[in-house]
Amino acid sequence: MKDQVVQQLKENLHLQHEPIGLAFVKQIPTDVAHVAKRVPSACTFWRLAEQGVFYAGAEDHQECPIGMMTMGFQMPASDQERAQALVETMASVKYFSPAEVSALPTVQKPHQYIVYGRMDQLPLDPDVVLCRMNTQQAMLVSEAMGQVNWLQGGQSAFGRPTCGVIPRTLQAGEVSLSFGCVGARTYIELTPEEVILTIPGEQLAELAERLQTIVEANAALAPYHQQQKALFPA
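Residue numbers (our numbering): -7 to 226.
If you want it as C-alpha cells, here you go:
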C-alpha cells in the first residue's frame, strides 16, 4: 500500500528526486545499517537517503550544531560552544539574530536515532516525509492540502535553517515549506528553482489522493488560459 502511495505521489508531481522518510526511534530497527560516512551537515543525510536506508545518531550529527539542535539531540558542552560560535558569526553578518535561536523548533519526540531512507525502501512508517521539488510541484501540494485557500489564511513558508521545517511539521501536524537556506543550498546542492517540502507521515496517503484531483483540475483549466493568452499575441 505504501509503495502505491509513493508511486502515485511521484507520478502526479513528476518528481525528479526520490521522496525520503525520517523516523525518530529509540531503538535501531533490524537490518538497518549505520550511516557509512561522516557528513558536514544534518541536511546532507537527506541526499544520502535518496540512495538507500540507514540510521544516524547524535554523534553522526555533531558536525552540524544547528541541525543537531533542531533534530532534538542532546548536545555535549563542546557542541554547545560550537553552536554558540556559529550563531555569533551569523549575528555578526546580520544573517541571524541570537534571539531567534530560542524560537527554533526542535523535535520533541523522544528518540536516540533517526532512520533515513527513500520512501519506497523505508522499512517502517516515517514521522516526516521530505521532498525536494520545484515551486510548481510545491504549489500543487499546497493546493491539494488546502494551504493556499484564502479562507484559511494561506501557507506559511520558512527559510533558515531549512532543517527547522522537520520539527515544525511534527509540531503543527501540517505540510511545511522551506525556501532553502544558504547551508542547505550548499550541502545538498538545491537549484535556485527548488524548495524543500515536508509532510506528516500519517498524511501521505491523504495527500496522494487529493493530489490526483488537483492535478486533473489544473489540466482541465490549462486550455482556457492557453486560449486566453492566444487572443493577445505578443
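Think of the CB as a built atom: it goes at the ideal place given N, C-alpha and C, for glycine as much as any other residue.
Just checking my contact of residue 118 with residue 44 at CB under 8 Å: how many whole Å lie between their CB atoms?
That belief does not hold up - the Cβ atoms of residue 118 and residue 44 are roughly 15 Å apart, past 8 Å.
Give the DSSP-derived three-state secondary structure of residue 82 in the structure shown.
helix
Quick check on DSSP: helix, strand or coil for residue 21?
coil
Threshold first: 3 residues or longer. Then list the beta strand (DSSP E) segments lying entirely within the stretch 175 to 205, N to C.
The stretch 175 to 205 contains these whole beta strand (DSSP E) runs: 186 to 192.
Quick one: using the 10 Å Cβ neighbour count with 16 as the cut-off for buried, is residue 152 buried or exposed?
buried
Rounded to whole angstroms, what is the Cα-Cα separation between residue 124 and residue 24?
Cα-Cα distance, rounded: 23 Å.
For the stretch 123 to 137 against the stretch 151 to 168, are there 3 or more C-beta pairs whose distance is under 8 Å?
yes
Under the three-state DSSP convention, the category residue 30 falls into
coil
Nearest to residue 35 by CA position, among 197, 139, 158, is which residue?
For residue 35, the nearest C-alpha among the options comes from 158.
Provide the residue span of the beta strand (DSSP E) that contains residue 152, from first to last.
Annotation: residue 152 is outside any beta strand (DSSP E) and is labelled neither H nor E by DSSP.
Does DSSP classify residue 37 as helix, strand or coil?
helix
If you follow the alpha helix (DSSP H) that residue 133 is part of, which residue opens it and which one closes it?
127 to 136
Can you tell which of -3, 226, 10, 16 has the C-alpha that lies nearest to the C-alpha of residue 103?
16
Does the beta-carbon of residue 118, which I'm using as the reference point, lie nearer than 7 Å to any heavy atom of the ligand ATP?
The ligand ATP is absent from the structure shown, which contains no ligand whatsoever.
So residue 47 packs on residue 106, CB below 8 Å; how close in whole Å?
7 Å
From residue 68 to residue 194, what distance separates their C-alpha atoms?
33 Å
Between which two residues does the beta strand (DSSP E) harbouring residue 109 extend?
105 to 110
Classification of residue 176 by the beta-carbon crowding that lies within 10 angstroms, buried from 16 upward
buried
Burial state of residue 224, where buried means 16 or more other Cβ atoms lie within 10 Å
The Cβ neighbour count for residue 224, taken over all protein chains shown within 10 Å, is under 16; the residue is labelled exposed.
Three-way DSSP call (helix, strand, coil) for residue 96 in this model
coil
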